[in-house]
Ligand code: EPU
């Protein structure tokens, strides 16, 4: 199994080009199931989860082609299977996102029920209840969600608690072809949800309230294929900026939308960094500055993202003072803490709160994590830990970070893959 080896490196410098957002690309790819004519997508990142999604769509009969610029054309005019099998759903929970489009367009879907995962139990009850409110008959049998609807789904007034990103996306995709108006209340406001809504609207859907917590969807009879470019990955951008902060360096991320990182950039400033933005770049300068501890609570957008929690935890582990990080989204998203402790970090956990007492330095060690962002945080720690850090179970990183070694090389990191 591949490993990533990280050697301690004094400082980083230069530019990193940010890829398209994984968590926008996945629902948009699934959304292609709704279109009766071909869709062409650009800025789709080359990641394991994207490959898995394409395999899933191809297994349903969607024709997938890549052009010379690696844009993806997806033709879902003929869909032969309406099933997401266990084998694919277990490798990628986001496969649940085929439920809404399949049910909305074809009135049937069979999707393996995703189990819990490393970061929490992650139920999908809100997805199911929302579709039932739209009139669907949904049974869970032998580990599969079996969904059926005679005729079109019916518009409904649906309130979702807690706020759920993929739940909002699934119900949005179910509602666009429903008869009548659907209102989604307490909807997730993440930029990735808005990107999906913009894509659906371009295909002919009638969604209003984009970017707010109330989405109103007037059902239409059909959707047509369009060309669409996926938004930049705000979490990938934030991860490289966190690496620069930890390494007390100056790094610029390009091809980003700084507006998507509002509170994260404020927290970098609180940590002592100087942040400068243009329309599509962010520069973080931490040279000759000391990392200050930053306490934070993860919450749905526009508040601090859980997907940046592990990276800030590493910054705090090396800051001068004590901080707390409260994780409110996933109950088990601190598995990087015990690995960081093996590298010399001083962190204790009580309930959903980590208390971090900054140390002067970390020491390299073999480590592993069972979650994408936790793995990225261990690479960041390895950049400044004395000696060598070997991050095992690299496949988690490949699910969500495109060309991570190449991008780190470009800014001067000593990092390579081995097996
Ligand atoms: N929840 C329920 N019932 C549901 C759905 C969710 O109780 O039916 C709970 C979850 O258990 C959790 C909370 O609601 O406690 C929020 O979960 P959410 O549904 O928003 O998470 P998700 O949609 O499964 C997406 C991202 C995650 C990201 C979270 C939070 C995708 C494909 N995944 O997950 O991304 O952490 O939103 O922002 O969009 C990652 O990229 O590393 C990643 C894990």
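Numbering (our numbering), first residue to last: 0 to 418.
Virtual Cβ for every residue (Gly too), placed ideally from N, Cα, C.
Count the CB pairs spanning the region 364 to 372 and the region 382 to 395 that are closer than 8 Å, and state whether there are at least three.
-> yes
May I ask whether a heavy atom of the ligand EPU can be found less than 8 Å away from the beta carbon of residue 371?
-> yes
Taking all protein chains shown into account, do 16 or more other C-beta atoms lie within 10 angstroms of the C-beta of residue 266, making it buried, or fewer, making it exposed?
-> buried
With residue 425 as the anchor, note down where its alpha helix (DSSP H) starts and where it stops.
-> There is no way to answer for residue 425, as the model of the chain reaches only from 0 to 418.
Apply the 10 Å Cβ neighbour rule to residue 218 and answer buried if 16 or more other Cβ atoms are within range, or exposed otherwise.
-> buried
Would residue 290 pass as a contact of residue 296 if the rule is Cβ separation under 9 Å?
-> no
With a Cβ-Cβ cutoff of 9 Å, do residue 69 and residue 26 count as a contact?
-> no
Cβ-Cβ separation, residue 59 to residue 38 (assumed contact under 8 Å), whole Å = The beta carbons of residue 38 and residue 59 sit about 14 Å from each other, so the pair does not count as a contact at 8 Å.
Specify whether the region 194 to 204 and the region 217 to 237 touch according to this definition: at least 3 beta carbon pairs, one from each stretch, less than 8 Å apart.
-> yes
Could you check the C-alpha separation between residue 167 and residue 220 for me, to the nearest Å?
-> Rounded to the nearest angstrom, the gap between the Cα atoms of residue 167 and residue 220 is 21 Å.
Helix, strand or coil at residue 413 [DSSP, three-state] | DSSP, reduced to helix, strand and coil, places residue 413 within a strand of the structure shown.
Under the assumption that residue 242 contacts residue 382 (Cβ atoms under 8 Å), give the Cβ distance between them as a whole number of angstroms.
-> 6 Å
Residues bridged to residue 276 [DSSP beta-bridge criterion] | BP columns for residue 276 point to 281.
Evaluate residue 305 with the Cβ neighbour count: other Cβ atoms within 10 Å of its Cβ, from every protein chain shown; 16 or more gives buried, anything less gives exposed.
-> buried
Look at the alpha carbon of residue 144 and the alpha carbon of residue 137, and state the distance between them as a whole number of angstroms.
-> Note on geometry: alpha-carbon atoms of residue 144 and residue 137 lie some 7 Å from one another.
Expressed to the nearest angstrom, what Euclidean distance is found between the alpha-carbon atoms of residue 358 and residue 292?
-> 11 Å
Would you identify the three-state DSSP class for residue 161, choosing helix, strand or coil?
-> coil
Do the region 249 to 257 and the region 203 to 216 touch if we need at least three Cβ pairs shorter than 8 Å?
-> no
Could you have a look at residue 300 and say whether DSSP puts it in helix, strand or coil?
-> coil
Proximity below 9 Å, CB of residue 157 to CB of residue 180 | no
Confirm, please, whether the CB-CB distance from residue 12 to residue 411 is below 9 Å.
-> yes
Kindly indicate which residue of 160, 173 and 201 has the alpha-carbon position closest to the one of residue 186.
-> 160
Got a sec: does the ligand EPU put a non-hydrogen atom nearer than 8 Å to the Cβ of residue 25?
-> yes
How many whole angstroms separate the CB atoms of residue 102 and residue 75, which I take to be in contact at a CB cut-off of 8 Å?
-> Rounded to the nearest angstrom, the Cβ distance from residue 102 to residue 75 is 14 Å, too far for a contact under 8 Å.
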